[in-house]
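Working notes for the structure below.
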RNA sequence: GGCGGCGUGGCCAAGUGGUAAGGCAGGGGCCUGCAAAGCCCUGAUCCCCGGUUCGAAUCCGGGCGCCGCCUCCA
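Numbering (my numbering), first residue to last: 265 to 732.
The structure is reproduced here in structure tokens:
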């Protein structure tokens, strides 16, 4: 098998993937912050993680995939005055922070599954790993990378010489523009909180005891702490959105490399680009978004959204428009139809006929998870004149291990799975009319059913109908 | 101010040195009593200018336009 090549943000180049431990790929994905519903733009990062995992599995690696749930509130900005989003959402909705977190975690897990994303081996919540986070801060303290101010325990970025390396930051130049709402006492503008002290006059729902007093963890420490617990001091791949490169991932690296004295902490970093909508990124903060249920309400299946997403490479921004998603839904519908028709085909499967398409498909996958190219080969397989139905199905079912479009369970949209005596009766009448070439009558019956939203297809095996 | 990305047929979008994948929509045809479904055929020289090269959408330089990060953010 050819090697898997991935674009590594750390080196800004494509590299052949090789795990630290032979045969075992350890992957960490930055999951959602569950103070609000996750929209379809957010889901794109799960798609990247899923395609990666499927490619690794296709390469016969054992995969340990860890995803975190951030169920403790981060602040709306860096300053004391910053509100905690989780607490704010709870107050607005008259619920507890835990209830808010549970609600959106559940929605996210459901959406993920509906979109065909494989479940992670470990799903870990920040609030259930406070001890690990405290332990990591203690390690940083021991190693001399932290300092205490009124507001909390902070990481001293000037002590970590590689701090600017990963994101290729120009800290001086950034300084010129200034940071918003900075905290008094910070030694360097880029320094960030490891542990925040609870304000004496405010009672928070989410705060814990620590060696430094009551408070709550900083907003990067959880990923360092939980990945360390489940994947060890060093691991293979870390995924997330491009927005995380400059701050979140930069700070994770600083924490982990300084706490454990390792480098590189993570070998490969994969980042997905954003989904654009109405001329800007889809975002919670502006309300410029759709959630998966919005699409479902419009008759667009979650897997049609997956199909839509597969049409663009994960490292490119993708434009979401109504026309584009509806086009994708149509395309997905047709692909499923083909799969359903081919699924039970018997016949010879000639390896020499299958090989060229198989090779092109997997070459696309191994080339930095190029789903659009893989999808194009899939369509070629569907329509390849040189292949019999059994061969086409052999390819489709194999390819779906990566595509994740659930083609194995494809049901033709025009093959009813229910039976309705009245409709079946009308269809029989129509067939009788057709037999005696009374087309006025047969068309009248069809129009009648069409008005009820039932469409009819005449096939060599007789008529089929479906609703909708 | 720093960093990153993009501009390919009506729409979405691959391709990053050898004369433009795929899907959707449109047009034409086949099939059908008619439809539907399906199948076949059909359209772009790649934002602009200059350069390198035998040859560039693809490399370099300069423009114009657009998106993102630098503050929570996929």
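Note that CB positions come from ideal geometry on N, CA and C, so glycine has one too.
For residue i, the three-state DSSP class (helix, strand or coil)
i: residue 587; result: helix
i: residue 669; result: coil
i: residue 474; result: coil
i: residue 605; result: helix
i: residue 548; result: coil
i: residue 536; result: strand
i: residue 730; result: strand
i: residue 683; result: coil
i: residue 291; result: strand
i: residue 722; result: strand
i: residue 553; result: coil
i: residue 612; result: coil
i: residue 315; result: helix
i: residue 268; result: coil
i: residue 564; result: coil
i: residue 569; result: helix
i: residue 695; result: helix
i: residue 530; result: strand
i: residue 765; result: Outside the shown range of the chain, which is 265 to 732, sits residue 765, and nothing can be said about it.
i: residue 275; result: coil
i: residue 600; result: helix
i: residue 237; result: Lying outside 265 to 732, the shown extent of the chain, residue 237 is not represented and no answer is given.
Distance between beta carbons of residue j and residue i, contact taken as under 8 angstroms
i: residue 458; j: residue 419; result: 5 angstroms
i: residue 330; j: residue 292; result: 5 angstroms
i: residue 657; j: residue 609; result: 5 angstroms
i: residue 613; j: residue 655; result: 5 angstroms
i: residue 312; j: residue 536; result: 4 angstroms
i: residue 574; j: residue 667; result: 6 angstroms
i: residue 273; j: residue 509; result: 6 angstroms
i: residue 505; j: residue 277; result: Actually they do not touch by this definition, with Cβ atoms about 20 angstroms apart.
i: residue 332; j: residue 295; result: 5 angstroms
i: residue 380; j: residue 570; result: 5 angstroms
i: residue 401; j: residue 417; result: 6 angstroms
i: residue 210; j: residue 319; result: With the chain covering only 265 through 732, there is no way to say anything about residue 210.
i: residue 645; j: residue 659; result: 4 angstroms
i: residue 314; j: residue 382; result: 6 angstroms
Residues near residue i by beta carbon distance below 7 angstroms, same chain, minus five either side
i: residue 469; result: 351, 354, 360, 361
i: residue 522; result: 404, 407, 409, 424
i: residue 321; result: 327
i: residue 664; result: 671, 672
i: residue 484; result: 456, 512, 515, 516, 519
i: residue 494; result: 330, 386, 388
i: residue 554; result: 303, 304
i: residue 706; result: 694, 697, 698
i: residue 344; result: Residue confidence is low: residue 344 scores 45 on pLDDT, short of 50, so the model does not pin down where it sits. Its coordinate-derived value is still stated next. If we look at residue 344 and ignore the five residues flanking it on each side, its Cβ neighbours are 415, 447.
i: residue 528; result: 274
Residue i - containing beta strand (DSSP E), residue span
i: residue 413; result: 410-413
i: residue 503; result: 499-505
i: residue 481; result: 479-481
i: residue 333; result: 326-333
i: residue 394; result: Per DSSP, residue 394 belongs to no beta strand (DSSP E); it is in the alpha helix (DSSP H), 394-406.
Limits of the unbroken alpha helix (DSSP H) element including residue i
i: residue 707; result: 703-715
i: residue 511; result: No alpha helix (DSSP H) contains residue 511, which DSSP labels as neither H nor E.
i: residue 285; result: Per DSSP, residue 285 belongs to no alpha helix (DSSP H) and is neither H nor E.
i: residue 578; result: Premise fails: residue 578 is in no alpha helix (DSSP H) and is neither H nor E.
i: residue 493; result: 485-495
Beta-carbon proximity list for residue i, same chain, < 6 angstroms, skipping 5 on both sides
i: residue 438; result: none
i: residue 652; result: 611
i: residue 334; result: 297, 390
i: residue 582; result: 539, 576
i: residue 563; result: none
i: residue 566; result: 378, 379, 556
Chain-order list of residues whose beta-carbon lies under 8 angstroms from that of residue i (same chain, five-residue window excluded)
i: residue 702; result: none
i: residue 471; result: 462, 478, 479, 480
Ranges of the alpha helix (DSSP H) found wholly within the region 417-466, counting only runs of at least 4: 435-441
Uninterrupted alpha helix (DSSP H) stretches inside the region 614-673 (no shorter than 4 residues): 615-630, 635-647, 653-667
Inside the region 340-384 only - alpha helix (DSSP H) runs reaching at least 4 residues: 349-357, 361-378
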